[in-house]
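Protein sequences appear in the order of chains A and B.
For the first sequence, position 199 (counting from the first letter as 1) is numbered 198 according to numbering that gives the first Met the number 0, and the numbering increases by one without interruption.
For the second sequence, position 254 (counting from the first letter as 1) is numbered 253 according to numbering that gives the first Met the number 0, and the numbering increases by one without interruption.
Down below is the structure, laid out as structure tokens.
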Amino acid sequence: MSSLGGSRRRGRQAGSIAAYGIAFAALVLTLFPLYWLFMISTKVPREAFKTPPDFIYLPDFSKYVSIWTTGTFAHAFLNSVIVILGGVTIALLVATPAAYALIRFRLRGSRYLKLWLLLAYTTPEFLFVIPMYVVYQQIGLYDTQIGLMLVYQVFAVPFAVWLIQAFFGEVPRELGDAARIDGCSDVQTLLRVYVPLAAPGLAATAILVGINMWNEVTIALSLTFDEARTVTIAVAGYRGYAALRWQEMAAAAVTAIVPMVIFAGLAQRYLVRGLTFGAVK
Amino acid sequence: MTAVAGHAPAVSLPPARRSRPYRGGRFVVPLVLVLGLTSLYPTLYSLYMSLFDWNWGQRFNYVGLTNYQDLLSPATAVGARFIGALGNTFVFAAGAVTVELLLGLGLAVVVNRLGFGTGIIRTLLLVPLMISGIVAALMWKVILDPTVGFAGFLLGSLGLPRLGFLGDPSQMMASIIAIDTWWQTAFVFIVLSAGLRALPLEPFEAAEVDGASAWQRFRYVTLPLLRPLILIVLMFRTIDCLKVFAIIYGTTGAAKETESVQVASYLVAFKETNMSRSMTMMVIFSVIVLAIVAVYQRLGAGRGSDL
């Protein structure tokens, strides 16, 4: 917006070079640590911590294979996939009708419902995680995938409701009214008008909720142990064994990061939407 | 025109809107059930258990408000620890939110000036947001390692003194704030960047015609127009930072210099099995966090959006 008008061009050019310089510095600071992580994952520790470091070397990808065949990483990875699939499904099934109701009807108490969503999303995790741990121990849901999926709804449902509300808000109200006149019930209006028209938004919501669940630490650490352990906890687990296994840990970390970056790329158009809870297009 | 006035419209919607008050309500039943089970029920459970002395064993005594008294009095060991953790949490949140807001806002303004490459730069800057807190913590623990870390090597080769970072108690908090800055500044950046692009042009044109300098345009036009978004960003970053767990758990762990409330609560519950004390800590802390949310709402955070 500051490029308006043609005056002071030389100053602008200098400013533009400075701007590229700053952006480049930000990129280096952002990406170099990730490059370093990748490098550690492809060097034996003796090489990885040599000073000065070799930037040109023969990468050793063996740990990217061995993490799958030994230890519990593969199991944890599969757990995370299952928890995400189940958790995202529950979140969408719960949040979609709620967002529809909030957009389309004048709900009694909708103010309090919205407040509840905000409170559920903002409460510090351990307020509900510690009691859930106690209850789960008693009813046998501790260290299970289903138990984790359920507790993840505390942050997944409010997030999904906010996003889907924003996407449903873009569906012209008249389309819904027209469907009603044609004899559709409220449920049919939701399923035949709103859901198809907002399908890309729903898909983006699913991806963003899935990324949040994949990366979650606090709840997974407290409510799982071994059977239902998730991928991020497994990465941290390489620290806990007899010795710190840097190369495996780095390889596992990179393996955990890459799918999320790809998914984020798929939802790129909706990322800003998602990160602002639907508030900004 | 006047002939039909007062008559029902030719095509009328089914009269259900008035006669069936639960028409919309049934669509929120699953939400009320799920949130009731996962959010309301455990909160009430915590409130109830905070009135007991329970260590996951035989000891289960009603103690009234003793847990609260102990935690809030600096004279007791548990109180000193809790108050220390509260202090750490607020120092961390204040530091991280301030740094991230300034960097994110500055970066948004700068990147929006760029003629080409903004799309790819924006996308690449977002990558840390897709990474788990524990992964970010472990990655930085390696890089900041006082003996083998790359950061130390870099400082050394620039002729600067090597720092202890996470290994030096006096540098722990600053190191963790730096890690969070790497991890979450992109959130501030991307939201404000989108906000900047959505601003109307007219006020800027008017200001330029009036001879306002670049700084004046930023100060008196950009900032006021961005205020609602800055408030949302501040609210979510503040809350997120107050809840900090993974990047501390993954780096300095139980060190008292950086122990946050959530880290303390985790350790008290799962390592010391003092369940009721941990729940009391979270009840007190949640009240504080909710009060902060209320202040942000009062200031107008989220007004006009779906929040």
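Yeah, the Cβ is synthetic: ideal placement off N, Cα and C, and Gly gets one too.
Keep in mind it's a predicted model, so treat the numbers as computed, not measured.
Check                                                                                                                                  : Outcome
7 Å CB neighbourhood of Gly194 (chain B) in its chain, flanking five on each side removed                                              : Leu225, Leu228
Helix, strand or coil at Asn273 (chain B) [DSSP, three-state]                                                                          : coil
As assigned by DSSP and simplified to three states, the class of Trp55 (chain B)                                                       : coil
Interface flag, Val156 (chain A) vs chain B, CB-CB below 8 Å                                                                           : yes
Short CB-CB distance (under 8 Å) between Ser221 (chain A) and chain B                                                                  : yes
Euclidean distance between Cα positions of Leu50 (chain B) and Leu70 (chain B)                                                         : 13 Å
Meets three-Cβ-pair contact criterion under 8 Å: the region 196 to 204 of chain B and the region 148 to 167 of chain B                 : no
Euclidean distance between Cα positions of Pro41 (chain B) and Tyr265 (chain B)                                                        : 16 Å
Under 9 Å from the C-beta of Thr41 (chain A): neighbouring residues of chain B                                                         : Within chain B, no residue comes near Thr41 (chain A); the closest Cβ sits about 14 Å away, beyond 9 Å.
Separation of Val62 (chain B) from Met278 (chain B), as counted between CA atoms                                                       : 14 Å
CA-to-CA distance, Val271 (chain A) to Ala293 (chain B), given in whole angstroms                                                      : 25 Å
Under 9 Å from the C-beta of Pro171 (chain A): neighbouring residues of chain B                                                        : Within chain B, no residue comes near Pro171 (chain A); the closest Cβ sits about 16 Å away, beyond 9 Å.
Closer than 7 Å at the beta carbon, the chain A residues around Arg236 (chain B)                                                       : Within chain A, no residue comes near Arg236 (chain B); the closest Cβ sits about 11 Å away, beyond 7 Å.
Own chain, CB closer than 6 Å to Ala73 (chain A), minus 5 neighbours either side, in chain order                                       : Trp67
Cys240 (chain B), enclosing alpha helix (DSSP H) - first and last residue                                                              : 222 to 241
Short CB-CB distance (under 8 Å) between Trp214 (chain B) and chain A                                                                  : no
Three-state secondary structure (DSSP) of Ala293 (chain B)                                                                             : helix
Whole alpha helix (DSSP H) elements within the region 168 to 202 of chain A, 4-residue minimum                                         : 172 to 180, 185 to 188
Limits of the unbroken alpha helix (DSSP H) element including Ile89 (chain A)                                                          : 72 to 103
Candidates B:Ser45, B:Leu128, B:Leu289: closest to Ser310 (chain B) by CA position                                                     : Since the first residue of chain B shown is 0 and the last is 306, residue 310 (chain B) is not available in this structure.
Start and end residues, alpha helix (DSSP H) containing Met129 (chain B)                                                               : Neither: Met129 (chain B) is in no alpha helix (DSSP H) and is coded neither H nor E.
Positions along the region 121 to 134 of chain B whose CB lies within less than 8 Å of some CB in chain A                              : Thr122, Leu123, Leu124, Leu125, Val126, Pro127, Leu128, Met129, Ile130, Ser131, Gly132, Ile133, Val134
Beta carbon proximity, Leu265 (chain A) to chain B, threshold 8 Å                                                                      : no
Proximity to Val194 (chain A) [Cα-Cα], best of A:Lys42, A:Ala98, A:Tyr132                                                              : A:Ala98
contact_flag[the region 177 to 187 of chain A, the region 30 to 45 of chain A] where n(CB pairs < 8 Å) is 3 or more                    : no
Contact belief for Gln12 (chain A) with Asn78 (chain A) at Cβ below 8 Å, rounded distance in angstroms                                 : Rounded, the Cβ-Cβ distance is 54 Å, inconsistent with contact.
Sequence-distant residues of the same chain with beta carbon closer than 6 Å to Arg268 (chain A), five excluded per side               : none
Cross-strand partners of Tyr61 (chain B) (DSSP beta bridge)                                                                            : B:Phe51
Reduced DSSP secondary structure (H/G/I, E/B, other) of Tyr248 (chain B)                                                               : helix
Distance, Arg244 (chain A) Cα to Ile206 (chain A) Cα                                                                                   : 31 Å
Anticipated Cβ contact below 8 Å, Ser68 (chain B) with Phe125 (chain A), distance rounded                                              : It is Gln, not Ser, that sits at residue 68 (chain B) in the sequence shown. About 21 Å; that fails the 8 Å criterion.
Cutoff 8 Å: Ile148 (chain A) Cβ touching any chain B Cβ                                                                                : One detail in the question is off: residue 148 (chain A) reads as Met in this sequence, not Ile. No, its Cβ sits nowhere closer than 8 Å to a Cβ of chain B.
Chain-order list of residues whose beta-carbon lies under 8 Å from that of Leu101 (chain A) (same chain, five-residue window excluded) : Ser109, Leu112, Lys113, Val160, Gln164
Val90 (chain B) at chain A interface by Cβ criterion, 8 Å                                                                              : no
Cutoff 8 Å: Gln350 (chain B) Cβ touching any chain A Cβ                                                                                : Residue coverage of chain B in this structure runs from 0 to 306, which leaves residue 350 (chain B) outside it and unanswerable.
Members of the region 153 to 166 of chain B near chain A, C-beta cut-off 9 Å                                                           : Gly155, Ser156
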